[in-house]
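Note sheet for the following structure.
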């Protein structure tokens, strides 16, 4: 059963017969943790060329070698859905990067707001969490991770074709499904603010943009990582590939 | 600003002028961690009598005493929404109990399925996580936590008035919003299966019940704790209090 095989993300291009070099941490995981041996199989994906079954030819301490045998799934494009978020503290941010990947985000963009708590954003850590979620959840596309950007800068440079859906704690309670379903098909983005919400001036700036759609996530306060999954679920269901 | 005051869950009934005894861990948190002193204020709620501002009269090592001054928010009923789930490993289950509380669940019911991994369910730990989420997220009602129950037993004893929405990985992709929106108002429950899904026989049993509604959560695999938030968000938005 191919789905029981270990899945690993690699950076190499993949085509039938090609040899793939796996990195030290992957070699360690396959050889020492899973105790796989030459001749055993794994599944590899690189975000571009679909998923391939590969035979392990050698497993050493510093690397492992695998030969691609057969494509098991073709590449899927996935939704054009950017995920923008105010950085959180470490454990919650790890979790959020994993969750956004499971929800099909194509890009992770940290946004610096006035109430942002985390001082530095480790984008390599965001990428590692996105890869881990993709490996575990049979996802074929790993979201791109961008460097942090200020909210006002982001809005200045925004492609107006892309709808920016923001979870607005100050919204009057209206149906998020109605608000989303009234939109026509276009590239999408979801923005989740910091714990404590946006400052009033930031909210005003957001509301002035013609490409911004505020949505309400109900009468209860939620943590930012909860709001992320909730909002991405509604967007996928109302406008994305859950239909 | 009352919203900046520390919020604590208590078990005592609350009415104006009443004295409340806070337990040892709460006394430790208020006195040693937050360094509050007699005369400082906190917010208390018990899940029944709304939220009250209370003045600390004494903070000791084993307990603290607080006097209720004024009700700051009346009790809210919250949605009639049961959350049923196959138990997970510890960290993810902690997280899931917190998230279900933020999403407004009124009851947490662990369900034993054939592929359930966790052997024992610590219901006191579930309750502690639900209380923590309620304290942090200004929620007034803490979900009831029930003892684990087998899936087949649960279905036998089910109140057929309550719609049981289950996240069905084997569902053909149809719109979850359409499926949910077609339902009329009634008590609700959401069921999330174990990592790895339900066994075919369990799924057949579920599908035979007249009170069961399967919904699809899209084409990607999700971890169970992600599916929980996603499904509860859709239910709240289509049938609950996010409208």
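Residue numbers (my numbering), protein chains in the order written: chain H, 833 to 1075; chain Y, 833 to 1075. Glycine residues also receive a C-beta, built at the ideal position from the N, C-alpha and C atoms.
Residues of chain Y with CB under 8 Å from residue i, in chain order?
{"i": "residue 1049 of chain H", "result": "1065 and 1074"}
So that I know if they touch, is there some Cβ in chain H lying closer than 8 Å to that of residue i?
{"i": "residue 934 of chain Y", "result": "yes"}
{"i": "residue 964 of chain Y", "result": "no"}
{"i": "residue 773 of chain Y", "result": "Examination of residue 773 of chain Y is not possible in this model, given that chain Y is present from 833 through 1075 alone."}
{"i": "residue 846 of chain Y", "result": "no"}
{"i": "residue 918 of chain Y", "result": "no"}
{"i": "residue 1055 of chain Y", "result": "yes"}
{"i": "residue 838 of chain Y", "result": "no"}
Starting from the beta carbon of residue i, find every residue of chain H whose beta carbon is closer than 7 Å, and list them in chain order.
{"i": "residue 931 of chain Y", "result": "1058"}
{"i": "residue 1052 of chain Y", "result": "934, 936, 969 and 971"}
{"i": "residue 999 of chain Y", "result": "Those do not exist, as residue 999 of chain Y stays about 11 Å from chain H at its closest Cβ, beyond 7 Å."}
{"i": "residue 1062 of chain Y", "result": "1061 and 1065"}
Identify the contact partners of residue i in chain B, using a Cβ-Cβ distance below 7 Å as the criterion.
{"i": "residue 1070 of chain Y", "result": "In the structure shown, chain B cannot be found, because the protein chains are H and Y."}
Take the Cβ of residue i as the centre, count every other Cβ of all protein chains shown within 10 Å, and call the residue buried at 16 or more, exposed below.
{"i": "residue 848 of chain H", "result": "exposed"}
{"i": "residue 871 of chain H", "result": "exposed"}
{"i": "residue 1080 of chain H", "result": "Within the shown structure, residues of chain H are numbered from 833 to 1075, placing residue 1080 of chain H beyond reach of any answer."}
{"i": "residue 1025 of chain H", "result": "buried"}
{"i": "residue 1068 of chain H", "result": "buried"}
{"i": "residue 833 of chain H", "result": "A caution first: residue 833 of chain H carries a pLDDT of 34, below 50, which makes its placement in the model too unreliable to give a value."}
{"i": "residue 863 of chain Y", "result": "buried"}
{"i": "residue 1006 of chain H", "result": "exposed"}
{"i": "residue 1022 of chain H", "result": "buried"}
{"i": "residue 865 of chain Y", "result": "exposed"}
{"i": "residue 1036 of chain H", "result": "exposed"}
{"i": "residue 851 of chain Y", "result": "exposed"}
{"i": "residue 1040 of chain H", "result": "exposed"}
{"i": "residue 1048 of chain Y", "result": "buried"}
{"i": "residue 919 of chain Y", "result": "buried"}
{"i": "residue 858 of chain Y", "result": "buried"}
{"i": "residue 1014 of chain H", "result": "exposed"}
{"i": "residue 889 of chain Y", "result": "exposed"}
{"i": "residue 1000 of chain Y", "result": "buried"}
{"i": "residue 1018 of chain H", "result": "exposed"}
{"i": "residue 979 of chain H", "result": "exposed"}
Is residue i close to chain Y, meaning its C-beta is less than 8 Å from at least one C-beta of that chain?
{"i": "residue 834 of chain H", "result": "Annotation note: pLDDT 38 at residue 834 of chain H (below 50); position unreliable, coordinate value reported separately. Output row for residue 834 of chain H: interface = no."}
{"i": "residue 841 of chain H", "result": "no"}
Assuming residue i and residue j are in contact, meaning their beta carbons sit under 8 Å apart, how far apart are those beta carbons, in whole angstroms?
{"i": "residue 1066 of chain H", "j": "residue 1008 of chain H", "result": "5 Å"}
{"i": "residue 1062 of chain Y", "j": "residue 1012 of chain Y", "result": "At roughly 12 Å, the Cβ-Cβ gap does not stay under 8 Å, so residue 1062 of chain Y and residue 1012 of chain Y are not in contact."}
{"i": "residue 838 of chain H", "j": "residue 874 of chain H", "result": "5 Å"}
{"i": "residue 901 of chain Y", "j": "residue 887 of chain Y", "result": "6 Å"}
{"i": "residue 966 of chain Y", "j": "residue 841 of chain Y", "result": "6 Å"}
{"i": "residue 929 of chain H", "j": "residue 961 of chain H", "result": "4 Å"}
{"i": "residue 1034 of chain Y", "j": "residue 945 of chain Y", "result": "6 Å"}
{"i": "residue 941 of chain Y", "j": "residue 903 of chain Y", "result": "That belief does not hold up - the Cβ atoms of residue 941 of chain Y and residue 903 of chain Y are roughly 31 Å apart, past 8 Å."}
{"i": "residue 876 of chain Y", "j": "residue 891 of chain Y", "result": "So it is not a contact: roughly 14 Å between Cβ atoms."}
{"i": "residue 957 of chain H", "j": "residue 1057 of chain H", "result": "About 15 Å separates the two Cβ atoms, so there is no contact after all."}
Kindly list, in the order they appear in chain H, the residues whose Cβ is closer than 9 Å to that of residue i.
{"i": "residue 928 of chain Y", "result": "Within 9 Å Cβ-Cβ: nothing; residue 928 of chain Y doesn't reach chain H, min ~11 Å."}
Sort out for me which residues DSSP pairs residue i with in a bridge.
{"i": "residue 902 of chain H", "result": "H:885"}
{"i": "residue 858 of chain Y", "result": "For residue 858 of chain Y, which the question treats as bridged, DSSP gives no partner whatsoever."}
{"i": "residue 982 of chain H", "result": "H:944"}
{"i": "residue 1023 of chain Y", "result": "Y:916 and Y:998"}
{"i": "residue 976 of chain Y", "result": "Y:939"}
{"i": "residue 840 of chain H", "result": "H:876"}
{"i": "residue 896 of chain H", "result": "H:854 and H:891"}
{"i": "residue 1047 of chain Y", "result": "Y:999"}
For residue i, which residues in chain Y fall below 9 Å Cβ to Cβ?
{"i": "residue 1014 of chain H", "result": "Per Cβ cutoff of 9 Å: no residues; residue 1014 of chain H is ~13 Å from chain Y at best."}
Return yes when the C-beta of residue i is under 7 Å from any heavy atom of the ligand HEM, and no when it is not.
{"i": "residue 949 of chain H", "result": "Absent from the structure shown: the ligand HEM. Ligands present: none."}
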